[in-house]
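Enquirer: The structure under discussion is supplied below as structure tokens; questions concerning it will follow.
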Ligand SMILES: Cc1ncc(COP(=O)(O)O)c(C=O)c1O
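Residue numbers (the numbering used here), protein chains in the order written: chain S, 18 to 156; chain A, 110 to 530.
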């Protein structure tokens with residue numbers, strides 16, 4: 018699936034819910050499903066600095082594709098982080114660099130992308146793009 | 110329908126319905142619910158009188174002060190100085206020139222920290238407490254770095270109080286300044302400041318109090334406290350942002366050098382020698398926040414009107430606090446909550462965590478329910494480290510909050526518990 022197909026799939030999943038409560042319950046469920054990282058892997062090196070909830074993200078590069086694992090200490094953030102990983106992970110650096118992440122907005126979670134939420138999500142996306150840039154230069 | 114029942118619980122003479130009408134911002138919906146504003150410790154809302162005063166000033170009265178012979182300038186000067194007078198009376202300073210207008214608490218603390226650069230040297234000590242806001246930590250760290258002095262920190266106990274014995278053993282002849290908050294923004298603790306000041310004075314050390322969280326809840330008398338400096342912010346006191354006050358004893362303010370150079374703070378300027386203006390102008394370089402000063406005066410006038418008054422404000426807020434704590438218990442929430450800052454002597458601030466739920470998650474869902482609380486470290490990271498937590502959820506009540514709103518908070522928390530449980 019392309020990045021956009023994955024985004025559309027998420028948007029479709031969320032279209033079933035018509036109130037914020039159900040939407041958040043689903044995000045919480047997604048958050049709980051994210052496997053997360055083992056404690057020793059949550060190091061300073063992989064910490065994405067956000068003020069309130071912390072996000073850890075570990076990249077791996079193999080066979081031309083970037084793979085990400087991520088975790089957060091807040092469940093809502095973890096759910097959203099999980100969605101970002103589901104959309105962006107296992108794509109080529111070039112695809113990731115080109116990606117326009119419209120799903121967050123379409124799902125109605127735009128507020129979580131505002132830098133004032135300080136939930137680490139904005140920084141996380143920036144970091145993913147930075148990794149993509151680094152690996153695309155290596156190719 | 111609950112009104113009768115609840116108004117009985119309010120034993121103060123405050124007419125809360127009437128007071129709420131004076132705060133236009135409260136009457137709006139957020140995410141489809143009537144707004145419940147419980148982030149007052151971060152910044153309080155403004156009564157119509159403050160808004161009107163500012164609007165009237167810019168509409169009909171604006172001009173620069175202290176410099177014009179013309180009518181508007183003279184009028185604006187009179188009003189600005191009248192604001193200073195109101196503040197002097199409110200905090201019972203000996204002179205109006207002991208009241209310096211600043212941008213806020215942070216600005217006032219930095220002014221003093223800067224002034225002490227010439228006073229401290231290596232071997233000297235500055236004492237703060239483990240309860241301080243970053244703005245009463247970082248300026249002193251910078252001062253110590255600059256002068257080679259040492260920063261000493263009084264530890265706090267489990268319920269969020271300064272440990273007096275530790276303080277006593279820290280103050281010494283080396284102590285050149287003690288800087289403490291009057292009321293903790295994160296834990297609500299009201300410090301026994303009179304006692305703390307007396308102890309410092311015994312060793313000859315001056316004391317600065319950060320009163321950002323005290324002024325909104327209580328009447329403060331700087332002469333009675335006998336502190337050398339007292340800083341607070343207008344915006345937490347139902348006044349405008351960008352204005353604050355630094356009180357200082359005359360002899361100390363005279364001793365300190367000016368903070369910033371510029372217009373208004375000079376007596377005469379030549380390239381050879383500039384002489385500084387006297388107090389308070391020595392510390393008010395440049396065109397000040399005139400509208401802010403007028404707005405702050407309006408906020409104090411509003412609170413000091415006979416039907417309100419800080420005594421009733423404090424008492425009513427205490428009733429809200431007691432009610433909330435009681436309801437957490439009787440609604441079966443207490444067992445799922447961890448409270449931080451449980452001193453007997455505290456302001457209407459409740460810092461807590463729902464067990465197993467990240468404060469960000471709690472705050473996000475409460476916001477969806479129209480309830481504004483603060484989540485995070487509240488600019489007091491050392492307190493979070495002390496309790497080994499990433500942050501808390503903080504609900505802080507003001508005198509326009511109601512018992513019904515406390516119920517909304519409790520319903521909201523039940524909802525959060527269910528969602529994350
Ligand atoms: C105890 C305390 N001190 C200082 C400050 C800083 O105030 P301001 O940002 O208005 O300068 C605050 C505000 O958050 C506070 O709560």
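C-beta atoms are modelled at their ideal positions from N, C-alpha and C, and glycine is treated no differently.
Going residue by residue through the segment 273 to 298 of chain A, where are the continuous alpha helix (DSSP H) segments of at least 4 residues, counting only ones entirely within it?
Expert: List check, alpha helix (DSSP H) in window: 273 to 279.
Enquirer: With which residues is residue 138(A) paired in a DSSP beta bridge?
Expert: DSSP output for residue 138(A) lists 143(A) as bridge partner(s).
Enquirer: Does DSSP classify residue 460(A) as helix, strand or coil?
Expert: Note: residue 460(A) maps to strand in three-state DSSP.
Enquirer: Quick one: does the C-beta of residue 213(A) sit closer than 7 Å to a heavy atom of ligand 1?
Expert: Indeed, a heavy atom of ligand 1 lies less than 7 Å from the Cβ.
Enquirer: Quick check on the DSSP output: the beta strand (DSSP E) that includes residue 327(A) runs from which residue to which?
Expert: Segment: none, residue 327(A) is in no beta strand (DSSP E) and carries neither H nor E.
Enquirer: Cβ-heavy atom distance between residue 336(A) and ligand 2 below 7 Å?
Expert: This structure simply doesn't include ligand 2; it includes ligand 1 instead.
Enquirer: Can you give, in chain order, each stretch of the beta strand (DSSP E) that sits fully within the segment 215 to 265 of chain A and has at least 3 residues?
Expert: Counting whole runs of 3 or more residues, the segment 215 to 265 of chain A contains the beta strand (DSSP E) stretches 234 to 238, 259 to 263.
Enquirer: From the DSSP output, which residues share a beta bridge with residue 503(A)?
Expert: Paired residue(s): 460(A), 483(A).
Enquirer: Within 8 Å of any Cβ in chain S, is that where the Cβ of residue 291(A) sits?
Expert: It does not: the Cβ of residue 291(A) has no partner Cβ on chain S nearer than 8 Å.
Enquirer: How is residue 108(S) classed by DSSP in three states: helix, strand or coil?
Expert: In this structure, residue 108(S) counts as strand in the three-state DSSP scheme.
Enquirer: Note down the Cα distance separating residue 415(A) from residue 123(A), rounded to an integer number of angstroms.
Expert: Between residue 415(A) and residue 123(A), the C-alpha separation is close to 10 Å.
Enquirer: Alpha carbon to alpha carbon, what distance is there between residue 171(A) and residue 114(S)?
Expert: If you take the alpha carbons of residue 114(S) and residue 171(A), they lie about 53 Å apart.
Enquirer: Taking the beta strand (DSSP E) that residue 88(S) belongs to, which residues open and close that run?
Expert: Unbroken beta strand (DSSP E) run through residue 88(S): 82 to 89.
Enquirer: Taking contact to mean at least 3 C-beta pairs separated by less than 8 Å, is the segment 315 to 327 of chain A in contact with the segment 205 to 222 of chain A?
Expert: Flag = yes, the segment 315 to 327 of chain A and the segment 205 to 222 of chain A touch.
Enquirer: Give the secondary structure of residue 447(A) by DSSP, where H, G and I count as helix, E and B as strand, and everything else as coil.
Expert: Strand at residue 447(A).
Enquirer: Let me see if you follow: with CB-CB separation under 8 Å, is residue 492(A) close to chain B or not?
Expert: In the structure shown, chain B cannot be found, because the protein chains are S and A.
Enquirer: Does any CB atom of chain S fall closer than 8 Å to the CB of residue 425(A)?
Expert: No, no contact with chain S.
Enquirer: My assumption, with CB atoms under 8 Å, is that residue 395(A) sits in contact with residue 357(A). Please give the rounded CB distance.
Expert: With 8 Å as the limit, residue 395(A) and residue 357(A) do not qualify as a contact, their Cβ atoms being about 19 Å apart.
Enquirer: Can you list, in chain order, the residues of the segment 66 to 97 of chain S whose Cβ is nearer than 8 Å to any Cβ on chain A?
Expert: Those residues of the segment 66 to 97 of chain S that come within reach of chain A (Cβ to Cβ, closer than 8 Å) are 68, 69, 70, 71, 90, 91, 92, 93, 94.
Enquirer: Could you tell me whether the Cβ of residue 111(A) comes closer than 8 Å to any Cβ of chain S?
Expert: The predicted model places residue 111(A) with a pLDDT of 43, which falls under 50 and marks its position as unreliable; any figure quoted below should be read in that light. With 8 Å as the cut-off, residue 111(A) does not count as an interface residue toward chain S.
Enquirer: In the DSSP assignment, what are the bridge partners of residue 211(A)?
Expert: Paired residue(s): 353(A).
Enquirer: Determine, for residue 469(A), whether the minimum Cβ-Cβ distance to residues of chain S falls below 8 Å.
Expert: Cβ-Cβ to chain S under 8 Å: yes for residue 469(A).
Enquirer: So, does the segment 289 to 301 of chain A touch the segment 256 to 271 of chain A, judging by three or more C-beta pairs under 8 Å?
Expert: Yes, the segment 289 to 301 of chain A touches the segment 256 to 271 of chain A.
Enquirer: Could you tell me if residue 110(A) is buried or exposed, where buried requires 16 or more neighbouring beta carbons within 10 angstroms of its beta carbon?
Expert: No answer about residue 110(A) holds up, because its pLDDT of 37 lies below 50 and its placement is not dependable.
Enquirer: Can you list the residues of chain A that residue 42(S) reaches, using a CB-CB cut of under 9 Å?
Expert: The answer, in chain order, is 528.
Enquirer: Does the structure place the segment 90 to 110 of chain S close enough to the segment 481 to 494 of chain A that three or more beta carbon pairs sit under 8 Å?
Expert: With the cut-off at 8 Å, the segment 481 to 494 of chain A and the segment 90 to 110 of chain S do not touch.
Enquirer: I want to know whether the segment 88 to 96 of chain S touches the segment 466 to 473 of chain A - three or more CB-CB distances under 8 Å.
Expert: Result yes; three or more Cβ-Cβ pairs closer than 8 Å.
Enquirer: Under a three-way DSSP split, which group does residue 271(A) fall into?
Expert: In the structure shown, residue 271(A) sits in a strand (DSSP, three-state: E or B).
Enquirer: For residue 255(A), does the count of other Cβ atoms within 10 angstroms reach 16, so buried, or fall short, so exposed?
Expert: It counts as exposed.
Enquirer: Measure the beta-carbon distance from residue 149(A) to residue 507(A) and round it to whole angstroms, keeping in mind my assumption that it falls under 8 Å.
Expert: Confirmed, Cβ separation roughly 4 Å.
Enquirer: My output table needs one value for residue 376(A): the three-state DSSP class, helix, strand or coil.
Expert: Note: residue 376(A) maps to strand in three-state DSSP.
Enquirer: Run through chain A and tell me which residues come within less than 8 Å of residue 124(S), C-beta to C-beta.
Expert: Result: empty, since nearest Cβ-Cβ is about 14 Å, beyond 8 Å.
Enquirer: Quick check on the DSSP output: what are the complete alpha helix (DSSP H) runs of length 4 or more inside the segment 359 to 421 of chain A, in order along the chain?
Expert: 359 to 364, 399 to 413, all fully within the segment 359 to 421 of chain A.
Enquirer: What residue range does the alpha helix (DSSP H) around residue 126(A) cover?
Expert: Segment 125 to 130, the alpha helix (DSSP H) holding residue 126(A).
Enquirer: Which value, in whole angstroms, describes the spacing of the CA atoms of residue 242(A) and residue 488(A)?
Expert: Using only the alpha carbons, I get a separation of about 6 Å.
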